[in-house]
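Q: Structure in structure tokens, see below.
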Amino acid sequence: MNFTRWSARLPGTQRRAARGSEGSVPAARGEYGPRPERPAEGTEDPEHAEDTVDTEVPALEDFSVRDLLGRLPGLVALLYGPEHRIAYVNEAYAAAFGPRTPGATVAATCPEAEELGLLPLLDQVLRSGKPRTVKSRRTADGGSYTVTCLPVDSPHLEGAGVLVHAADVTDHAEAAERLRASERRHRETAVTLQRSLLPQELEQPDDLRIAATYQPGVADAAVGGDWYDVITLGAGRTALVIGDVMGRGVRAAAVMGQLRTAVRAYARLDLPPHEVLQLLDGLAAEIDASQIATCVYAVHDPNEGKLVYASAGHLPILVRDEDGTVRTAGDPTGPPLGTGGWLHASGSIALPPGSTAVLYTDGLVERRREDIDEGVEALARALAGASGTPQVICGRLLRALGVTAEHDDDVAVLVVQHPARDGADAELFHNAALELLGGVEAAPRARAFASGVLSSWRFPVELRDLGVLATSELVANSLQHGTPPMRLRLRRTDRRLIIEVTDGDDHLPRRRRAETEDEAGRGISIIATIASSWGSRRTPGGGKAVWCEFALPD
């Protein structure tokens, strides 16, 4: 077969009648333009004389198509007819897939065509007369090829044909796969680091029910610096923290881990929320001034029935009341951590029994081409209709906000419930308080009050005696070193007895070793010896609180 009688119908060209009896391809000449005519002798343009060619420019049909196709580094096969019979394969094709018998059908003799998915593609090219390309298809032997199929015509055939050109892209495909594997390993490392830095098991306070969830994003190594924590502070108080380090990958996760560790250390100082953020702000600048981080730090006190919080550029806390009403925590909100020069302030929002609070990161509510306030409003609507345990509410909020396994940003959610107790459960939770007016009668009154309350709560005699002793030492310490007003508070939960004394002096007591001849200074040592734990903190209005806890017998 003479291949100069085949013409490729390329996009943008027109089919033209063959010139002469040799069946050449004038369409190709139209592609490259007509031959330039030589000017008449003596009429050369002097400005273009140097461009004049003395020899005739060869036409495309003057070249051997067989030689051209045979020397191409790509794999070439020429097919004809609706059954896609083989007219020719070049040396590169034969070297890759073996020689092919002219006249045989592709379906019967070319298994690589089926592996590459070319059979339906060839039919499409014949029907439409348009070229088709498939990229990086893999064969059974592991090779990868990008294949282009072009429609061709021949005046000696009733049906059209297809020119198949395949480029071996195995090296590129293997490099791309290595890159994807590297990205997967990087992402897995970041996710592992992120999850290891998050709490493996949330602390569960006596008065709250808490659940949290973290879901990494899927885009690239999209794990970021979202984090949360729950810290029991003693005396029934609980710190709730959620934050977000902007950025992706291991670096953001590492910064997050340092901030979380610092928050836990600062929380042990039992400082007000705004003072914790003030300390964290300075540390964030030292860790990495280029990383932006937001954070909310809140403290729940069951005796006050509210959350006291401070925010560093983070999204507002949402609280759902028992009747389904959703409230949003307002100001104060300061700039993100690490900016410096800002004095943070604390605010509060009521968290009565039966209510649920939600702390979250921007991945839950932020969407492209949408204002983030719209996302917060959507979350508030979802929370209004959510009920059940904190874990159930976490799942419902994720579904309502459209967070799936394919979500493009990481998400952290912390759900806090202050349950309303009644019946037998309510009998396990009690509060009692006594105002101490000072004077010599204050200590005996406090001991008598504690003895009566602990007896009414049906504690064992041993625990009741330890509670009275602890009350006596705490009150005596407050009378000696504190100032009015003074108050004694007893609290019982299902797991512990809490005794707390507050007064108007802000000097915190410390445990010290009393010498043998000292007549005082042993009160805090006695408390530390007999109680499960003890501590002190400054109160917001000035003054301090000193407390101790006793674990209840099982």
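By the count of the numbering used here, the sequence shown reaches residue 1571 at its end, each step adding exactly one.
Cβ atoms here follow ideal geometry from the backbone N, Cα and C, with glycine treated the same way.
The model shown is predicted, which means the values in this text are computed figures rather than measured ones.
So who's on the other strand from Gly1351, going by DSSP bridges?
A: Translated into the one-based positions of the sequence shown, residue 1351 becomes position 334. DSSP, once it has assigned bridges, lists Ala1329 as partnering Gly1351.
Q: Start and end of the alpha helix (DSSP H) containing Thr1488?
A: In the sequence shown, the residue the question calls residue 1488 occupies position 471. Taken as a continuous stretch (DSSP letters only), the alpha helix (DSSP H) holding Thr1488 covers Val1478 to His1498.
Q: I'd like to know whether the C-beta atoms of Ala1487 and Ile1544 end up nearer to each other than 8 Å.
A: As a first step, residue 1487 must be located in the sequence shown, where it is residue number 470. As a first step, residue 1544 must be located in the sequence shown, where it is residue number 527. For Ala1487 and Ile1544, yes; Cβs fall inside 8 Å.
Q: So, under 8 Å CB-CB, Val1336 and Leu1368 are touching, yes? Tell me the CB distance rounded to an integer number of Å.
A: For this step, residue 1336 is matched to residue 319 along the sequence shown. For this step, residue 1368 is matched to residue 351 along the sequence shown. With a Cβ gap of about 6 Å, Val1336 and Leu1368 count as contacting.
Q: Rounded to the nearest angstrom, how far is the Cβ of Val1293 from that of Tyr1283, given a contact under 8 Å?
A: As a working mapping, residue 1293 is identified with position 276 in the sequence shown. As a working mapping, residue 1283 is identified with position 266 in the sequence shown. Correct: roughly 5 Å between the Cβ atoms.
Q: Roughly how many whole angstroms lie between the Cα atoms of Gly1559 and Asp1523?
A: In the sequence shown, counting from the first residue as 1, residue 1559 sits at position 542. In the sequence shown, counting from the first residue as 1, residue 1523 sits at position 506. Going by the C-alpha atoms only, they are around 6 Å apart.
Q: Taking only the alpha-carbon atoms, compute the straight-line gap between Arg1344 and Ile1410 and give it to the nearest angstrom.
A: Residue mapping note: residue 1344 aligns to position 327 of the sequence shown, counting from 1. Residue mapping note: residue 1410 aligns to position 393 of the sequence shown, counting from 1. If you take the alpha carbons of Arg1344 and Ile1410, they lie about 17 Å apart.
Q: Under 8 Å between the Cβ atoms of Gly1521 and Gly1499?
A: Stepping through the sequence shown from its first residue, residue 1521 is reached at position 504. Stepping through the sequence shown from its first residue, residue 1499 is reached at position 482. Yes.
Q: Measure the beta-carbon distance from Cys1166 to Val1142 and round it to whole angstroms, keeping in mind my assumption that it falls under 8 Å.
A: Within the sequence shown, numbered from 1, the residue matching residue 1166 stands at position 149. Within the sequence shown, numbered from 1, the residue matching residue 1142 stands at position 125. Yes, they are in contact, since the Cβ atoms of Cys1166 and Val1142 sit about 5 Å apart, within 8 Å.
Q: Measuring straight from C-alpha to C-alpha, what distance separates Ile1309 and Arg1281?
A: Walking along the sequence shown from the start, residue 1309 turns up at place 292. Walking along the sequence shown from the start, residue 1281 turns up at place 264. Roughly 20 Å separates the two Cα atoms.
Q: Fully enclosed by the stretch 1273 to 1314, which alpha helix (DSSP H) runs are 4 residues long or longer?
A: 1290 to 1304
Q: Just to confirm my understanding: we take Pro1333, look at its own chain, exclude 5 residues before and 5 after, and list those with CB closer than 8 Å. What are they?
A: In the sequence shown, the residue the question calls residue 1333 occupies position 316. Same-chain partners within the cutoff: Thr1345, Ala1346, Gly1347, Thr1350 and Val1393.
Q: Do you know whose CA, among Leu1360, Gly1402, Ala1429 and Thr1342, lies nearest Glu1383's CA?
A: What you label residue 1383 is simply residue 366 of the sequence shown in a count that begins at 1. Nearest C-alpha to Glu1383: Ala1429.
Q: When the Cα of Tyr1110 is compared with those of Pro1090, Thr1122 and Glu1073, which residue comes out closest?
A: Translated into the one-based positions of the sequence shown, residue 1110 becomes position 93. Here the closest residue by C-alpha is Pro1090.
Q: Skipping 5 residues on each side, what residues in its chain have a beta carbon closer than 8 Å to that of Arg1481?
A: Numbered from its first residue, the sequence shown carries residue 1481 at position 464. Excluding sequence neighbours, Arg1481 sits near Ser1468, Leu1471 and Ser1472.
Q: For the putative contact between Val1179 and Leu1139, defined by C-beta atoms under 8 Å, what is the C-beta separation to the nearest angstrom?
A: Position 162 of the sequence shown, counted from the first residue, corresponds to residue 1179. Position 122 of the sequence shown, counted from the first residue, corresponds to residue 1139. Confirmed, about 5 Å.
Q: Which runs of the alpha helix (DSSP H) at least 4 residues long sit entirely within the stretch 1128 to 1216? Give them in chain order.
A: 1128 to 1132, 1136 to 1145 and 1187 to 1214
Q: Apart from the five residues on each side of it in sequence, which residues of its chain come closer than 6 Å, Cβ to Cβ, to His1182?
A: To locate residue 1182, count along the sequence shown from 1; it is residue 165. Closer than 6 Å at Cβ, skipping near neighbours: Gly1091, Val1093 and Thr1165.
Q: Under 8 Å by Cβ, that's how I've got Val1123 and His1101 pegged, so tell me the actual separation to the nearest angstrom.
A: Counting from 1 along the sequence shown, the entry for residue 1123 is found at position 106. Counting from 1 along the sequence shown, the entry for residue 1101 is found at position 84. Indeed, because the Cβ distance is near 4 Å, the residues count as touching under 8 Å.
Q: On the criterion of 16 or more Cβ atoms from any shown chain inside 10 Å, does Asp1261 qualify as buried, or is it exposed?
A: The sequence position of residue 1261 within the sequence shown is 244, counting from 1. By the neighbour-count criterion, in which a residue is buried when 16 or more other Cβ atoms sit within 10 angstroms of its Cβ, Asp1261 is buried.
Q: In chain order, which beta strand (DSSP E) runs of at least 3 residues are fully inside the stretch 1507 to 1571?
A: 1513 to 1520, 1550 to 1555 and 1561 to 1568
Q: Pick out whichever of Pro1289, Thr1209, Asp1079 and Tyr1314 has its Cα sitting closest to the Cα of His1331.
A: Your numbering for residue 1331 matches position 314 in the sequence shown. Selected option, being the one with the closest Cα: Tyr1314.
Q: Between Asn1576 and Leu1086, how many whole angstroms is the CB-CB distance? I'm expecting something under 8 Å.
A: Because the chain spans 1018 through 1571 in this model, residue 1576 falls outside it and cannot be assessed.
Q: What is the residue span of the beta strand (DSSP E) that Ile1103 lies within?
A: Start at 1 with the first residue of the sequence shown, and residue 1103 comes out as number 86. First-last of the beta strand (DSSP E) with Ile1103: Arg1102 to Val1106.
Q: Give the C-beta separation of Leu1514 and Phe1446 to the nearest angstrom, bearing in mind that I take them to be a contact with Cβ-Cβ under 8 Å.
A: Residue mapping note: residue 1514 aligns to position 497 of the sequence shown, counting from 1. Residue mapping note: residue 1446 aligns to position 429 of the sequence shown, counting from 1. The beta-carbon separation of Leu1514 and Phe1446, rounded to 12 Å, does not stay under the 8 Å limit for a contact.
Q: Pull up the distance between the alpha-carbon of Ala1562 and that of Val1432, whole angstroms please.
A: As a working mapping, residue 1562 is identified with position 545 in the sequence shown. As a working mapping, residue 1432 is identified with position 415 in the sequence shown. Going from the Cα of Ala1562 to the Cα of Val1432 covers about 28 Å.
Q: If the criterion is Cβ atoms closer than 8 Å, does the pair Glu1452 and Arg1504 meet it?
A: In the sequence shown, counting from the first residue as 1, residue 1452 sits at position 435. In the sequence shown, counting from the first residue as 1, residue 1504 sits at position 487. Yes, Cβ-Cβ distance for Glu1452 and Arg1504 is below 8 Å.
Q: According to DSSP, what are the bridge partners of Asn1448?
A: Locating residue 1448 in the sequence shown gives position 431, counting from the first residue. Looking at the DSSP assignment, Asn1448 forms a beta bridge with Arg1508.
Q: CB of Ser1549 to nearest heavy atom of the ligand FAD: below 7 Å?
A: Of the ligands one can find in the structure shown there are none, so the ligand FAD has no counterpart to examine.
Q: Gly1234 and Asp964 - do their beta-carbons sit closer together than 8 Å?
A: Lying outside 1018 to 1571, the shown extent of the chain, residue 964 is not represented and no answer is given.
Q: Compute the beta-carbon to beta-carbon distance between Asp1223 and Gly1380, rounded to the nearest angstrom, for a pair I have assumed lies under 8 Å.
A: Taking the sequence shown and counting its residues from 1, the one referred to as residue 1223 is at position 206. Taking the sequence shown and counting its residues from 1, the one referred to as residue 1380 is at position 363. Contact doesn't hold; Cβ gap of about 31 Å is too wide.
Q: Are the CB atoms of Glu1517 and Ala1252 nearer to each other than 8 Å?
A: Along the sequence shown, one-based indexing puts residue 1517 at 500. Along the sequence shown, one-based indexing puts residue 1252 at 235. Yes; because the gap between Cβ atoms is below 8 Å, this pair is in contact.
Q: Taking Cβ to Cβ, would you say Ala1130 is nearer than 8 Å to Pro1119?
A: Here residue 1130 refers to the residue found at position 113 when the sequence shown is read from its first residue. Here residue 1119 refers to the residue found at position 102 when the sequence shown is read from its first residue. Contact flag unset, no.
Q: Taking the straight line between their C-alpha atoms, what separation do you get for Leu1276 and Ser1549?
A: As a working note, residue 1276 is residue 259 in the sequence shown. As a working note, residue 1549 is residue 532 in the sequence shown. Taking the straight line joining both Cα atoms gives about 29 Å.
Q: Sort Val1457, Ile1304, Leu1354 and His1291 by Cα distance to Pro1557 and report the nearest one.
A: In the sequence shown, the residue the question calls residue 1557 occupies position 540. Taking only the C-alpha atoms, the option nearest Pro1557 is His1291.
Q: Measure from the alpha carbon of Ile1389 to the alpha carbon of each residue in Gly1364, Leu1096 and Leu1418, then state which is nearest.
A: Counting from one through the sequence shown, the residue named residue 1389 turns up at place 372. Comparing Cα positions, the closest option is Leu1418.
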